[in-house]
Amino acid sequence: MTSRPEVSLAQRKRELVSNELTEAALHLLALKGFDAVTVDEIVAAAGVSRRTFFRYFASKEDVVVQFLADMGTGIRAELAARPIEEQPSVALRHAVWVSVASCTDHSDKALRVVQLILRIPALRARFVERQAQWRDDLAAELARRLELDPGTDLYPQLAAGIALTAFDAVLRRWSDSDGTEDPAELIDQAFTIIAPALDGGPPVQL
1 MTSRPEVSLA QRKRELVSNE LTEAALHLLA LKGFDAVTVD EIVAAAGVSR
51 RTFFRYFASK EDVVVQFLAD MGTGIRAELA ARPIEEQPSV ALRHAVWVSV
101 ASCTDHSDKA LRVVQLILRI PALRARFVER QAQWRDDLAA ELARRLELDP
151 GTDLYPQLAA GIALTAFDAV LRRWSDSDGT EDPAELIDQA FTIIAPALDG
201 GPPVQL
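Sequence positions in the sequence shown follow full-length UniProt numbering and run 1 to 206.
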């Protein structure tokens, strides 16, 4: 029983250091531009060592991308929690919206991060890499829900890809509008468009 507060304290400390590094990086990147900022400048601004930096992040790019890194895990978890009888479009819309909302609720910080990721090729490439893993995880959950074989049925991968394309399009529109467009309305528009494809489901094998 005595170890639980210590674990909680350690976790809070890790989150604090990670947040300080992220905030320092975002401030410098906004001020000087991505290519001009070095890891040494980030650690100096955050008041930590290079060793501490690399304990949390593998690279300068990861400082920015980490802000959205857990969203894929969140999408899969939300999908797994949806009622099994829901249409795929309904379950996926909810799962994607929860992750988008968790990001865009922190509007100022999230907007800066999303704009950096979408506008800087190096960051965009890292984000796309992460999304590939999200797609595989989401496809696995869809296959489980629909009792499909992910090794032979194309539907789970295609449906996961369609849902994540909607997610990407919403973030891009929100970013391009400088945060003025409503993410909830954009999600509704996107899933209204893709629902027929998602709810058509896998073809019947003859």
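Every residue, glycine too, gets a C-beta built ideally from N, C-alpha and C.
For residue i, which of helix, strand or coil comes out of DSSP?
i, result
"Val37", "coil"
"Pro5", "Residue confidence for Pro5 is low, a pLDDT of 48 falling below 50, so the modelled location carries little weight and cannot support an answer."
"Asp176", "helix"
"Leu206", "Interpretation of Leu206 is limited by its pLDDT of 38, a score under 50 that renders its predicted location unreliable; the figure taken from the coordinates is listed afterwards. Leu206: coil per DSSP, three-state reduction."
"Glu147", "coil"
"Val48", "coil"
"Val11", "The sequence given here places Gln at residue 11; Val does not occur at that position. Correct three-state label for Gln11: helix."
"Thr152", "coil"
"Asp182", "coil"
"Ile120", "coil"
"Ser18", "helix"
"Ala77", "helix"
"Ala159", "helix"
"Phe57", "coil"
Does the Cβ of residue i have 16 or more other Cβ atoms within 10 Å, making it buried, or fewer, making it exposed?
i, result
"Gly33", "exposed"
"Arg12", "exposed"
"Arg14", "exposed"
"Ile75", "buried"
"Pro183", "buried"
"Phe191", "buried"
"Pro88", "buried"
"Arg50", "exposed"
"Gln131", "buried"
"Val133", "Here the sequence assigns Gln to residue 133, which means Val is not the residue at that position. Exposed: under 16 other Cβ atoms inside 10 Å."
"Arg55", "exposed"
"Leu28", "buried"
In the DSSP assignment, find the alpha helix (DSSP H) that holds residue i and state where it starts and stops.
i, result
"Arg82", "Taken as a continuous stretch (DSSP letters only), Arg82 belongs to no alpha helix (DSSP H), as it is neither H nor E."
"Ala91", "Pro88 to Thr104"
Which residue from the options puts its Cα closest to that of residue i?
i, options, result
"Leu21", "His94, Arg144, Phe57 and Met71", "Phe57"
"Glu141", "Glu129, Arg130, Ala160 and Val128", "Ala160"
"Asp62", "Ala190, Arg172 and Leu116", "Leu116"
"Ile162", "Leu79, Glu185, Leu186 and Arg135", "Arg135"
"Thr104", "Val128, Phe127, Arg124 and Met71", "Met71"
"Phe127", "Val37, Gln189 and Thr165", "Thr165"
"Ala44", "Glu23, Ala169 and Ile84", "Glu23"
"Ser175", "Ala95, Ile42, Arg112 and Ala139", "Arg112"
"Ala36", "Asp199, Lys60, Gln157 and Ala95", "Lys60"
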